[in-house]
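J.: Sharing a structure with you now.
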Amino acid sequence: MNPNIARLQPYPFQELAALLKGVVPEPGFEPIRLSIGEPKHPTPQFIKDAVTAALDGLASYPLTIGGEDLRAAIAEWASVRYSLPPLDPATQVLPVLGSREALFAFAQLVIDSGAKAPAVVMPNPFYQIYEGATLLAGATPHFINATADNRFGFSPQQLPVAVWKRTQLVYVCSPGNPSGRVLSLDEWKELFDYSDRYGFVIASDECYSEIYFDDADRPIGALEAAHRLGRTGYERLVVFSSLSKRSNVPGMRSGFVAGDAAILAKFLHYRTYHGSAMSLAVQAASAAAWRDEAHVAENRRLYCEKFAKVVPLLSEVTEVEMPDAGFYLWLRTPVADTEFAKRLVQLYNVTVLPGSYLGREAHGVNPGANRVRIALVSPVAECMEAAGRLRDFFEELGKG
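Numbering (our numbering), first residue to last: 25 to 424.
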């Protein structure tokens with residue numbers, strides 16, 4: 025048995041289930057679950073139609089590299105979205121089965137476990153796939169705390185030079201999970217400078233990039249930042265994107281990676297053994313989704329409506345910061361985050377995720393402690409109902 029399996033910690037939702045075991049919710053309230061970042065808006069009909077129209081593809085083995093039409097659709101979308109020179113569909117993009125599996129597999133490709141004490145750097149709090157991929161690749165995770173003190177940014181100075189010299193891979197998430205923070209061009213420049221100095225690869229997780237609140241201020245992506253800084257070829261940079269949040273198709277498991285052609289060639293070679301080819305039916309629907317923006321604009325409108333209604337309600341009883349992008353609120357709690365989540369279910373039948381489950385203790389603190397992540401994924405009316413219950417709960421805690 026791989027001994028690194030024993031290094032894996034429980035997944036946040038396993039911890040949440042254990043926390044809530046035996047808790048009896050108030051029967052007067054219907055349950056509202058805002059703990060999981062699973063989109064609940066309807067899947068657009070044209071995407072479902074594209075799947076069914078391509079079902080004959082189930083009779084064929086798909087290629088790991090994906091079909092030319094899908095790769096072209098992805099390259100076109102990324103080039104337009106981020107104002108890039110045209111990406112080469114043959115060498116600079118690769119379809120993947122959602123960003124999750126690709127983010128995990130990428131560490132297995134990049135990490136040289138035979139090196140002395142290989143290190144992987146990641147934000148804290150973080151998407152647990154980064155940590156699990158690191159551990160199973162035989163490396164050690166090192167955390168950069170994202171807190172209110174650094175505006176939930178990515179501050180490389182938190183780690184000593186000795187760690188950076190051993191770093192082979194850096195995971196970045198922008199817009200961030202859970203804070204929704206978007207890295208600025210200056211922050212990208214700093215990270216690229218570190219990559220040039222120490223030679224590590226950057227994996228930029230951008231699965232929330234299309235949920236934002238101002239068309240005039242769209243989140244900058246890593247490829248866009250590299251291009252604007254004159255970094256042709258995207259050396260040591262790979263971005264990960266997904267249709268799950270953008271197009272409300274989490275069950276389709278469809279995304280892409282793009283960037284450094286030399287790295288992607290090796291990643292493709294790895295993936296031919298990995299068994300990760302996308303079915304032709306999903307490829308057809310994915311190409312249709314990447315070529316349509318109307319449904320994405322409507323998706324954003326619904327999220328904007330929810331934030332516009334929920335934030336003022338919660339602002340009556342607690343400090344609420346609007347994220348730069350994404351669909352999470354990252355709220356402070358007046359009691360321990362685990363106690364807050366437990367009592368909220370017990371008294372109001374609303375489930376949220378304790379922030380400490382998303383972080384690790386690093387530099388003397390768990391930056392997720394005393395916060396909860398609230399995913400505004402449910403319909404507008406349900407989010408409003410949950411916000412009203414949260415407001416009442418905060419008021420009760422204030423009296424206590």
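Think of the CB as a built atom: it goes at the ideal place given N, C-alpha and C, for glycine as much as any other residue. Model, not experiment: these values are computed from the prediction.
(1) Who does S228 pair with in a DSSP beta bridge?
(2) Which residues in the same chain as W314 place their Cβ atom closer than 7 Å to its Cβ, once the five residues preceding and following it in sequence are excluded?
(3) Terminal residues of the continuous alpha helix (DSSP H) containing F331?
(4) Taking all protein chains shown into account, decide if Q38 is buried (16 or more other Cβ within 10 angstroms of its Cβ) or exposed.
(5) Are the beta-carbon atoms belonging to A349 and I235 less than 7 Å from one another?
(6) Tell me, to the nearest whole angstrom, how far the beta carbon of N201 is from that of A170; I am working on the premise that it is less than 8 Å.
(7) Quick check: what's the CA-CA separation for Y258 versus L400?
(8) Would you mind reading off the limits of the alpha helix (DSSP H) that contains P36?
(9) Measuring straight from C-alpha to C-alpha, what distance separates V47 and E363?
(10) In terms of residues, what are the limits of the alpha helix (DSSP H) holding G356?
(11) Beta-carbon within less than 7 Å of T357's beta-carbon, same chain only, minus the 5 sequence neighbours each way: which residues are those?
(12) Could you round the C-beta distance between L193 and V104 to whole angstroms and report it? I think they count as a contact, below 8 Å.
(13) For S271, tell me which candidate among T296, E317, S300 and I244 has the shortest Cα-Cα distance.
(14) List in chain order: all unbroken beta strand (DSSP E) runs of 3+ residues lying wholly within the segment 104-139.
(15) Around the C-beta of L355, are 16 or more other C-beta atoms found within 10 angstroms, so that it is buried, or is it exposed?
(16) Quick check on R277: buried or exposed, where buried means 16 or more other Cβ atoms within 10 Å of its Cβ?
(17) Take the Cβ of S107 as the centre, count every other Cβ of all protein chains shown within 10 Å, and call the residue buried at 16 or more, exposed below.
(18) Looking at the structure shown, is A399 part of a helix, part of a strand, or coil, going by DSSP?
(19) Please determine, among D220, V196 and D173, the residue with the shortest C-alpha to C-alpha distance to V389.
(20) Going by C-alpha to C-alpha distance, which of V376, A285, V145 and D361 sits closest to Y222?
(21) Would you check if the distance between the CB atom of S266 and the CB atom of S123 is smaller than 7 Å?
(22) Hey, out of A410, K72 and R367, whose CA is closest to L40's CA?
(23) Counting only the same chain and skipping the five closest in sequence on each side, list residues whose C-beta sits under 6 Å from that of N373.
(24) Considering only their Cβ atoms, is the gap separating A131 from A114 smaller than 7 Å?
(25) Using a Cβ-Cβ cut-off of 7 Å, state whether K72 counts as contacting chain D.
(26) If V206 sits next to S219, beta carbons under 8 Å apart, how far is it from one beta carbon to the other, in whole angstroms?
(27) Measure the C-alpha to C-alpha separation of P180 and I168 and round it to an integer number of angstroms.
(28) Assign E248 to one of two classes, buried (16 or more other C-beta atoms within 10 Å of its C-beta) or exposed (fewer than that).
(29) To the nearest angstrom, how far is the alpha carbon of A246 from that of I71?
(30) Does DSSP put V389 in a helix, in a strand, or in coil?
(31) So what's V185 in DSSP terms, helix, strand or just coil?
(32) From the DSSP output, in three-state form, read off V48 for me.
(33) Grab me the residues of K290's own chain with a C-beta within less than 8 Å of its C-beta, minus the 5 sequence neighbours each way, in chain order.
T.: The relevant details are as follows:
(1) V196 and V263
(2) A97, I98 and W101
(3) A318 to S339
(4) exposed
(5) yes
(6) That pair is no contact at about 10 Å.
(7) Whole-angstrom Cα-Cα distance: 34 Å.
(8) P36 to L44
(9) 12 Å
(10) Gly is not the amino acid found at residue 356; the sequence shown has Arg there. First-last for R356: Y352 to R356, but that is the beta strand (DSSP E), not the alpha helix (DSSP H).
(11) F364, N394, R395 and V396
(12) About 29 Å separates the two Cβ atoms, so there is no contact after all.
(13) E317
(14) The qualifying runs are 117-120.
(15) buried
(16) buried
(17) In this structure S107 is exposed. Its beta-carbon is surrounded by fewer than 16 other beta-carbon atoms within 10 angstroms.
(18) strand
(19) D173
(20) V145
(21) yes
(22) Distance check between L40 and each of A410, K72 and R367 places R367 closest, using alpha-carbon atoms only.
(23) P49, E50, F53 and P55
(24) With contacts defined as CB atoms closer than 7 Å, A114 and A131 fail to qualify as a contacting pair.
(25) Any reference to chain D falls outside this structure, which holds one protein chain only.
(26) Actually they do not touch by this definition, with Cβ atoms about 19 Å apart.
(27) 7 Å
(28) The residue is buried, with at least 16 neighbouring Cβ atoms inside 10 Å.
(29) 28 Å
(30) V389: strand per DSSP, three-state reduction.
(31) helix
(32) Of the three classes helix, strand and coil, the one that applies to V48 here is coil, per DSSP.
(33) Within the same chain, Cβ atoms closer than 8 Å to the Cβ of K290 are found at L133, the five residues on either side in sequence being excluded.
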